[in-house]
Every structure is written in C-alpha cells, then in structure tokens.
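Since the structure comes first, as structure tokens, the remarks are kept for the end.
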Amino acid sequence: MGEIPHKIHSEAERLRTELDHHNYCYYVLDRPEVTDADYDRLMRRLMELEAEYPGLVTPESPTQRVGAEPLEAFGTVEHTMPMLSLSNADDIGAIAEWFTQMHNHLGRDSPITVAAEPKLDGLAVELVYENGVLTVGSTRGDGRVGENVTSNL
54 MGEIPHKIHS
64 EAERLRTELD
74 HHNYCYYVLD
84 RPEVTDADYD
94 RLMRRLMELE
104 AEYPGLVTPE
114 SPTQRVGAEP
124 LEAFGTVEHT
134 MPMLSLSNAD
144 DIGAIAEWFT
154 QMHNHLGRDS
164 PITVAAEPKL
174 DGLAVELVYE
184 NGVLTVGSTR
194 GDGRVGENVT
204 SNL
C-alpha cells in the first residue's frame, strides 16, 4: 500500500471538512449552500480517494455515515429496522450493487421487496402505528437512531 502522499491526505481532509460543513448547513440549519449535484461531486471524490487509499478511511468520515446525528433538542428513537440509503445510486449497476449489499447485510438469498419513488428533497421519517394510531414518528437520523418528532407530526 505504501504511505499516503501529503497532497492526497490534505485533499481528503479538506473534502471531509467541506462535507461536514454542508451536512451541518443542510441537516441542522436547513439552509443548504450547495446543490445536491455539487455535494454529490465532493462526496464521490472523497470516496475515490478512500477507495484508492484505504488508510484514509476513518469512522468519522462522511462516507461512513447516513444522514446526520440526531439533534439534542429532540429525544431519540431507535428505529424498528435500519433506515438505509441507496447512496446516490444513479445507474442500474449501482442499484444492482445495492441489492447485493442488502442481500449480504440481511443474510438471505430470497427476494427482497422494496418500494421506490422519485426523490423529493425533504425529510425521511419512520412512522409507527399501533391499532391504526400513530404512536411514534422519528427522523432517519443516522439510520439506526433518529429524532423523536412525534409531537411535530
């Protein structure tokens, strides 16, 4: 593998900082500063660097997270099942790879039923109904734990 060139390490750190800033603007401030396409371009570049230099990958990297940490202002809710992401799959090959990853993640070879719809920019939520009554609503958060927004819903 060898040592990571300083120029590459610096670029990866700059991309992480920039992506963290844009995540904060989008998820916390609700004021994105860049288009989805520009954000995706930055993320793809970081993913390329981390694929070429695996030593760059850290648990804190934006490439290792879905969504954002839940805000402290809301209580948290653990999802009944993980709220996963297609990770910006934009062609049939990427979608096929996602299905393969889901089969591996779920540990099964049987067909997976999914629902898909056009992406609308907004908030993903899990709604839990018991006997036809909404009992808990939560944001996607980090995919495992989200913000309890039941009272807002």
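If you're matching positions, the sequence shown starts at 54 in my numbering and goes up one per residue. The C-beta atom is built at its ideal place from N, Cα and C for all residues, glycine as well.
Chain-order list of residues whose beta-carbon lies under 7 angstroms from that of residue i (same chain, five-residue window excluded)
i	result
A61	In the sequence as displayed, the identity of residue 61 is Ile instead of Ala. Excluding sequence neighbours, I61 sits near L102 and Y106.
R84	C78
L176	T192
For residue i, three-class secondary structure by DSSP
i	result
S63	helix
E131	strand
T166	coil
N205	coil
E200	strand
G190	strand
M100	helix
A90	helix
P112	coil
R69	helix
E105	helix
L137	coil
Inter-residue Cα distance where the pair is residue i and residue j
i	j	result
E183	S163	28 angstroms
E86	T116	19 angstroms
F33	I57	The question about residue 33 has no answer, for the chain in this structure spans 54 to 206.
P112	V202	27 angstroms
D73	E64	14 angstroms
M136	H156	15 angstroms
Q154	I145	14 angstroms
V81	H75	10 angstroms
R197	L206	20 angstroms
L109	S204	41 angstroms
L95	T166	32 angstroms
A169	G185	24 angstroms
Unbroken beta strand (DSSP E) run spanning residue i, endpoints
i	result
G146	Careful: G146 lies outside any beta strand (DSSP E), inside the alpha helix (DSSP H) at I145 to L159.
Extent of the continuous alpha helix (DSSP H) to which residue i belongs
i	result
E179	No alpha helix (DSSP H) holds E179; the beta strand (DSSP E) holding it covers V178 to E183.
L82	Careful: L82 lies outside any alpha helix (DSSP H) and carries neither H nor E.
Chain D within 8 angstroms of residue i, Cβ atoms only
i	result
L137	Of the chains in the structure shown, none is chain D; there is only one protein chain.
Spatial neighbours of residue i in its chain, beta-carbon cut-off 6 angstroms, leaving aside the 5 residues before and after
i	result
V181	T188 and V189
H59	none
Touch check for the region 63-72 and the region 84-100: three-plus C-beta pairs under 8 angstroms?
-> yes
Sufficient close CB pairs (3 or more, under 8 angstroms) joining the region 184-198 to the region 127-136: yes
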